[in-house]
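Peer 1:
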Amino acid sequence: MKYKYGSPPDDPYDYKCFIRHLAPHLPKDDKAFFHEGSLKWRANRQEIPLALYRNVCHWKSPRPFGRLCHRAEQVNGQWRKAMLKLGGPPFQDEAIKQALHELAALSGVGERTASALLTAWNPDEFAIMDERVFVVLDMQKDHSSYTATDYVEFRKRLLVLKDELPELGGCSLRQIELALWHFDAVRESGENDRPD
Numbered sequence: 259m260k261y262k263y264g265s266p267p268d269d270p271y272d273y274k275c276f277i278r279h280l281a282p283h284l285p286k287d288d289k290a291f292f293h294e295g296s297l298k299w300r301a302n303r304q305e306i307p308l309a310l311y312r313n314v315c316h317w318k319s320p321r322p323f324g325r326l327c328h329r330a331e332q333v334n335g336q337w338r339k340a341m342l343k344l345g346g347p348p349f350q351d352e353a354i355k356q357a358l359h360e361l362a363a364l365s366g367v368g369e370r371t372a373s374a375l376l377t378a379w380n381p382d383e384f385a386i387m388d389e390r391v392f393v394v395l396d397m398q399k400d401h402s403s404y405t406a407t408d409y410v411e412f413r414k415r416l417l418v419l420k421d422e423l424p425e426l427g428g429c430s431l432r433q434i435e436l437a438l439w440h441f442d443a444v445r446e447s448g449e450n451d452r453p454d
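Read left to right, the sequence shown gives residues 259 to 454 (my numbering).
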């Protein structure tokens with residue numbers, strides 16, 4: 259497959275071919291995942307820094323910013339509940355659903371934003387629910403109706419891709435999800451740029 263980063267490929271391609279080349283080169287950690295220039299906050303499962311929580315929510319939530327102004331005690335109370343439900347690796351589907359529900363219980367945070375919070379904490383094991391990625395995986399539906407069950411199915415599909423494509427063996431689920439996001443963006447621009 260001929261492909262130059264930032265431009266549509268010359269040949270017909272599918273997302274598996276695209277992501278196996280791109281995912282290993284993408285960053286695992288988004289700058290929104292850092293707190294005071296560090297990822298050390300991840301070691302403490304008892305709390306998520308409030309500034310980081312707000313940054314991730316403002317980045318990923320389609321809801322008005324004012325509803326996301328929670329106090330640290332409220333956020334960390336739900337964070338602790340989510341971490342307790344989640345347990346440890348390997349993460350079980352039901353535990354993931356319960357953790358997402360705990361985070362989504364915060365006013366202004368839905369399952370998609372909750373998935374971004376879990377991804378900020380552990381990008382190796384979690385990925386962000388995103389409309390573009392769901393389109394590529396043929397999982398799209400009404401924008402507002404994604405659920406924790408949809409997230410678990412999405413995560414399973416990413417794990418299958420990781421097992422299926424050897425090039426993705428060392429990739430985080432976040433890198434795979436981000437490569438799928440890029441695939442949709444490139445495919446969309448390629449459809450507009452190609453002559454009929």
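A virtual CB, placed ideally from N, CA and C, is assigned to each residue, including glycine.
#1: For the segment 370 to 452, which segments carrying the alpha helix (DSSP H) assignment without a break, of at least 4 residues, lie completely within its bounds, in sequence order?
#2: Spatial neighbours of Phe412 within its chain, please: C-beta separation below 8 Å, excluding the five flanking residues on both sides.
#3: Look at Leu364 and His328 and say whether their C-beta atoms are less than 8 Å apart.
#4: If you follow the alpha helix (DSSP H) that Glu273 is in, where does it begin and where does it stop?
#5: Closest to His279 by CA distance: which of Gly345, Leu310, Val444 and Ala437 is it?
#6: Considering only their Cβ atoms, is the gap separating Asp351 from Ser430 smaller than 8 Å?
#7: Taking only three categories from DSSP, how would you classify His316?
#8: Excluding the 5 residues flanking Leu419 on each side, which residues of the same chain have their C-beta closer than 8 Å to its C-beta?
#9: Take Leu423 and list the residues in its own chain whose beta-carbon comes closer than 8 Å to its own, dropping the five residues that flank it on each side.
#10: Could you check whether the segment 288 to 304 touches the segment 354 to 364, counting it as contact only if at least three pairs of C-beta atoms, one from each stretch, sit closer than 8 Å?
#11: Looking at the strands, I want to know which residues DSSP matches up with Ser365.
#12: Does DSSP classify His293 as helix, strand or coil?
Peer 2: Checking against the coordinates, here is how it stands:
#1: 389 to 394, 406 to 422 and 431 to 451
#2: Ala385, Met387, Val391, Phe392, Leu395 and Met397
#3: yes
#4: Per the sequence shown, the amino acid found at residue 273 is Tyr instead of Glu. Taken as a continuous stretch (DSSP letters only), the alpha helix (DSSP H) holding Tyr273 covers Tyr273 to Leu280.
#5: Ala437
#6: no
#7: helix
#8: Lys274, Ile277, Leu426 and Ile434
#9: Lys274, Ile277 and Arg278
#10: no
#11: DSSP lists no partner for Ser365.
#12: strand
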